[in-house]
């Protein structure tokens with residue numbers, strides 16, 4: 001894909017990100033941060049190509065390392081977010097921090 | 098070719114799931130469902146990427162996926178309710194390190210166009226700052242390294258100058274590497290400099306401001322993923338990374354406003370105290 005269309009996608013995604021989070025109650029700050037953090041573990045799909053290839057020891061090593069680390073981020077991130085949000089429901093609108 | 102088409106269609110679906118998930122996450126009644134949707138988006142993205150034809154062996158991928166899942170799940174289950182912000186910080190740092198590792202693998206992996214190298218160096222720099230910055234934030238919040246990293250703002254004389262020199266060195270190395278990307282040694286030094294910068298940036302910030310710092314670093318980790326996506330030509334990495342980056346910045350500014358302060362005030366207030374003490 002050309003650089004310009006990538007830049008276009010980037011631009012639209014940034015504006016969308018701004019709009020999505022405009023109004024968020026203070027109680028949700030920490031879970032939202034945590035949930036967004038889990039999304040940033042998407043790096044894992046970029047790491048697959050290096051981890052599953054044989055183009056040199058160093059690239060493969062760092063690829064595998066990246067898959068491992070990003071998976072911790074994804075799994076841990078979603079599970080912790082879910083745990084935070086499950087507490088909310090039971091106890092009503094209490095501050096999460 | 099057909100594989101690539103299928104992958105991209107599924108990426109589109111998963112991007113939509115991330116967007117809807119983030120939207121639902123910002124309302125109390127739907128937040129849990131939003132998180133679940135976002136997780137589903139991640140799962141389908143991971144599964145479909147595994148059919149990529151560039152992947153020749155699965156052994157190490159599966160080992161790393163399994164090991165990472167176990168560590169992540171155990172940590173998320175075992176952690177005490179009170180130390181969740183610390184865990185978020187730690188996970189965020191790990192995510193930054195993952196982006197750094199991907200970008201590093203690509204730099205050492207083969208011959209690349211110069212602009213790709215520059216983008217990868219940006220990804221390494223942001224990932225590195227996110228990693229060590231989050232570690233310092235974690236240490237400040239948990240107080241586990243209390244005798245080395247204090248919870249209060251840590252400032253020393255000439256810190257501003259040291260930081261400026263560090264940034265200058267990072268830029269110089271980046272320029273050098275973009276001319277001779279095959280010199281792995283230079284890339285190693287570049288990584289270390291970026292890691293040092295992360296420590297230096299968070300040390301002078303007081304422990305009470307850590308939630309804001311973590312939110313900002315969270316935004317950085319999105320940007321690192323986004324930069325890696327541009328270099329890898331991967332749309333989903335770009336969209337998801339930019340979403341996290343942009344929403345993280347907005348969340349940071351909302352949190353600053355709630356404390357009646359500006360972001361620059363949070364980031365540099367430690368320095369101001371020193372200058373007001375010395376005058």
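Chains as they are written, first to last, in the working numbering: chain L, 1 to 97; chain Z, 98 to 376.
Don't be surprised by glycine CBs; every beta carbon is placed ideally from N, CA and C.
Going along chain L in order, which residues have a C-beta closer than 9 angstroms to the C-beta of residue i?
{"i": "residue 315/Z", "result": "33, 34, 36, 37, 40"}
{"i": "residue 123/Z", "result": "20, 21, 22, 23, 24, 25, 28, 32"}
{"i": "residue 189/Z", "result": "33, 34, 37, 40, 73, 77"}
{"i": "residue 293/Z", "result": "Neighbours of residue 293/Z on chain L: none; closest Cβ ~20 angstroms, over 9 angstroms."}
{"i": "residue 178/Z", "result": "83, 84, 87"}
{"i": "residue 157/Z", "result": "51, 52, 60, 63, 64, 67"}
Give me the chain L residues within the contact set of residue i, using Cβ-Cβ distance strictly less than 7 angstroms, ordered along the chain.
{"i": "residue 326/Z", "result": "46"}
{"i": "residue 149/Z", "result": "48, 49"}
{"i": "residue 287/Z", "result": "Within 7 angstroms Cβ-Cβ: nothing; residue 287/Z doesn't reach chain L, min ~14 angstroms."}
Report the neighbours of residue i on chain Z: residues whose CB is nearer than 9 angstroms to its CB, in chain order.
{"i": "residue 4/L", "result": "Those within 9 angstroms of residue 4/L in chain Z number zero; the least Cβ separation is about 12 angstroms."}
Quick one: Cα of residue i to Cα of residue j, how far?
{"i": "residue 92/L", "j": "residue 25/L", "result": "Interpretation of residue 92/L is limited by its pLDDT of 47, a score under 50 that renders its predicted location unreliable; no figure is taken from the coordinates."}
{"i": "residue 8/L", "j": "residue 253/Z", "result": "43 angstroms"}
{"i": "residue 94/L", "j": "residue 31/L", "result": "Interpretation of residue 94/L is limited by its pLDDT of 48, a score under 50 that renders its predicted location unreliable; the figure taken from the coordinates is listed afterwards. Approximately 13 angstroms between the Cα atoms of the pair."}
{"i": "residue 236/Z", "j": "residue 108/Z", "result": "36 angstroms"}
{"i": "residue 121/Z", "j": "residue 128/Z", "result": "5 angstroms"}
{"i": "residue 262/Z", "j": "residue 289/Z", "result": "14 angstroms"}
{"i": "residue 211/Z", "j": "residue 143/Z", "result": "29 angstroms"}
{"i": "residue 86/L", "j": "residue 178/Z", "result": "12 angstroms"}
{"i": "residue 214/Z", "j": "residue 208/Z", "result": "9 angstroms"}
{"i": "residue 240/Z", "j": "residue 246/Z", "result": "8 angstroms"}
{"i": "residue 198/Z", "j": "residue 47/L", "result": "8 angstroms"}
Does the beta-carbon distance from residue i to residue j come in below 8 angstroms?
{"i": "residue 304/Z", "j": "residue 319/Z", "result": "no"}
{"i": "residue 148/Z", "j": "residue 100/Z", "result": "yes"}
{"i": "residue 41/L", "j": "residue 192/Z", "result": "yes"}
{"i": "residue 158/Z", "j": "residue 13/L", "result": "no"}
{"i": "residue 271/Z", "j": "residue 297/Z", "result": "no"}
{"i": "residue 119/Z", "j": "residue 131/Z", "result": "yes"}
{"i": "residue 123/Z", "j": "residue 190/Z", "result": "no"}
{"i": "residue 16/L", "j": "residue 117/Z", "result": "no"}
{"i": "residue 10/L", "j": "residue 302/Z", "result": "no"}
At least one CB of chain C closer than 8 angstroms to the CB of residue i: is that the case?
{"i": "residue 172/Z", "result": "Annotation note: the requested chain C is absent from the structure, which comprises protein chains L and Z."}
Which residues of chain L have a Cβ atom closer than 8 angstroms to the Cβ of residue i, listed in chain order?
{"i": "residue 331/Z", "result": "45, 46"}
{"i": "residue 275/Z", "result": "What residue 275/Z touches in chain L: nothing, since even the nearest Cβ is about 17 angstroms away."}
{"i": "residue 312/Z", "result": "29, 33"}
Under 9 angstroms (Cβ pairs) to chain L, residues found in the stretch 125-139 of chain Z: 125, 128, 129, 131, 132, 133, 135, 136, 138, 139
Proximal residues, the stretch 68-93 of chain L versus chain Z, C-beta separation under 8 angstroms: 68, 69, 70, 71, 72, 73, 74, 75, 76, 77, 78, 79, 80, 81, 82, 83, 84, 85, 86, 87, 88, 89, 93
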